Structures are given as C-alpha cells and as structure tokens.
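A short worksheet on the structure shown next.
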Amino acid sequence: MKKGLKKIFMFSVSTCLLIAYQAEAGEVGKRDFTEKIEIPANASGDSKFEAYLTHKRAYKLLKEYQASGDLDKLYIALNLAGEALVLDPGESRYWVTLGDIHSEMTKFNIFRAGEWAEQAYQEALVLNPEDTTTMVLLGISLAKSGDYKEALQYLEPALTDDTYLMTYAIGQWLNLCYLAGSQTKRGTIYYEEFLNVNPEFYYLRLYKAFLYKAHFDYVNVEKELKIILADKEADSKTKEFASNLLKDLKTEEAKG
C-alpha cells in the first residue's frame, strides 16, 4: 500500500465528520454528479462555485481510479472530496461522492472506512431523503458491515419505488440480507409483492427459491423454479440455472 494511503484525514463541518475513502458506484450504475449540479452565476470567489469545481475534480479522479487502479488518484480524490464539503456541506451529491470514496477504501481494510461511508450516505439522505440511489448505496454499505435488518430498511423501499435499480447484483445483496439476517419469510413476502407488480423481474424467483430452500420448503422451491421454466419471457441462462437447481432438488429428495 502506498504511504499516503495510511493517512486518514478528518474535516469538521457543523456537527459532521468529513472523511474521504470509499466507492460503491459500480453496484448501482454510473452516475455523473458533476454535470447535474447547478453552477452559481458568480464565478471565482464564490465558495459554492469553488466547491463545485473541487468536487468535479474529486469525482473525475474517482472514476479514473476505478478505471486504472491508480491509488494515488483515489488518495487525491479523498482530499478533494473533503475540501468540497468544507466549502459547501449542504450539497447532497458531494456527500455521496465522499461515501463512494470511503466504499472503495474498504477494499484495503482501512479502519472504519465502512462506518465513514455509512455516515456520508446518511448525511446525503438528510439533505435529499428521496434519493433512492443513495438509499441503495447505504443499504449495501450496511449489508457489508453485517447490519442486515437495517440494510433492508433502505433497500426494500428504494427498489420498490425505483424498480430500474433492481439488478442481478443488487438482488444478491438483498438476498444476502434475508439469508444472513434470518429474514427469509420477510424476503419471500417482499419478492411476491414485487413480482405481482413487476413480473418482468422473473429472475427474482431464483432468489425466492433459495429463501424457501433455507427453511426446507421444497414444495415452494419447486413451484418457483417451474414458474421460471414455463415463462416464455425468461432468458435461456436463467432457465438453465433453474433447471439445474430443480435437478439438484430432486436428487436431494431422492436421498431422503
């Protein structure tokens, strides 16, 4: 690890700690926050404009790090993200970028990086409580730290409100929370309600089948898998996986 990465910088803004080290952006899709923030009419000398430019540099370096793996870029992005928030702590997207940088830093086992990511995403939600993308990012961060029930409090409503955020990868995080958090019954109910409104997410029946299997409800496991196999809209990969699971289930039942 490069020497600079061993340093942890903290900035105090109002009642919040501003730290920078983490990123989960790839999980929830590409988000270009630098182009969507309203730029103040007055240019240099305005703290909000300076914050905008500083954040833009931080976000650009974060993306470059994710493409190249250059840790120096991530380290510089850390400092710039903190500086942007010192200048303008009221912009929720700056907090999201800070959370994203912290999320990346969890890969290097930086002490408390996950906790700092959660704090940053929570600050973003205080400023913009309707941001479902940030809710998903916070939910994933909480799941990583083992707070499965709390993670579901963010993941479920966010995915219900914005179904386009539901992907195979996000579904896996959701299922992890249900399984590891002993929430399998809750999961089957959520999936059933979600699928009733959004049947095009047929692959969620695979996750639902795993939840039934966790408490040995093989009748419903078989039911979910057969629904997938009979679905004309289901893709071949999903059907193949469902078919293999069904064969495994039959083998287990035969063994008694």
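Numbered per my numbering, the sequence shown spans residues 157 to 412.
A virtual CB, placed ideally from N, CA and C, is assigned to each residue, including glycine.
None of the values given here were measured: they were computed from a predicted structure.
query                                                                                                          : result
Own chain, CB closer than 6 Å to ALA237, minus 5 neighbours either side, in chain order                        : ALA176, ALA214, THR253, LEU254 and ILE257
Span of the alpha helix (DSSP H), counted from its first residue to its last, around GLN339                    : Taken as a continuous stretch (DSSP letters only), GLN339 belongs to no alpha helix (DSSP H), as it is neither H nor E.
Span separating the alpha-carbon of ASP373 from that of MET322                                                 : 26 Å
Straight-line Cα distance separating THR210 from ALA280                                                        : 18 Å
Three-state class that DSSP yields for ASN354 in the structure shown                                           : coil
Helix, strand or coil at HIS211 [DSSP, three-state]                                                            : helix
Bounding residues of the alpha helix (DSSP H) (the contiguous stretch that carries LYS263)                     : No alpha helix (DSSP H) holds LYS263; DSSP gives it neither H nor E.
Distance between GLY295 and TYR304 (C-alpha atoms, nearest Å)                                                  : 8 Å
Local conformation of GLY225 per DSSP, three classes                                                           : coil
Own chain residues within Cβ distance below 7 Å of TYR334, not counting five before or after                   : THR340, ARG342, GLY343 and LEU367
GLU206 versus ALA240: straight-line alpha-carbon distance, rounded                                             : 8 Å
Inter-residue Cα distance where the pair is TYR221 and LYS263                                                  : 13 Å
Reduced DSSP secondary structure (H/G/I, E/B, other) of HIS371                                                 : coil
For THR319, the nearest candidate out of LEU385, LEU402 and VAL292 (CA to CA)                                  : VAL292
Integer Cβ distance of GLY270 from SER301, believed to fall under 8 Å                                          : 5 Å
Endpoints, alpha helix (DSSP H) assigned at GLY295                                                             : 288-300
Sequence-distant residues of the same chain with beta carbon closer than 6 Å to GLU380, five excluded per side : ARG361, LYS364 and ALA365
LYS393 versus ASN400: straight-line alpha-carbon distance, rounded                                             : 11 Å
Within 9 Å, strictly: CB atoms of LEU351 and LYS382                                                            : no
Delimiting residues of the alpha helix (DSSP H) encompassing THR398                                            : Sequence inspection shows Ala at residue 398; the Thr mentioned does not correspond to that position. Residues 392-411.
Nearest candidate by alpha-carbon position, reference GLN278, set PHE267, GLY246 and GLU260                    : GLY246
Own chain residues within Cβ distance below 6 Å of ALA390, not counting five before or after                   : TYR358 and ILE384
9 Å Cβ cutoff met for LEU315 and GLU306                                                                        : no
N- and C-terminal bounds of the alpha helix (DSSP H) containing LEU321                                         : Run containing LEU321: none; DSSP gives neither H nor E here.
Beta carbon of ASP404 nearer than 9 Å to that of LYS395                                                        : no
Residue nearest to GLU260 in terms of C-alpha spacing, selected from PRO313, GLU408, PRO285 and ALA233         : ALA233
Assigned secondary structure, ASN284 (DSSP; H/G/I helix, E/B strand, else coil)                                : coil
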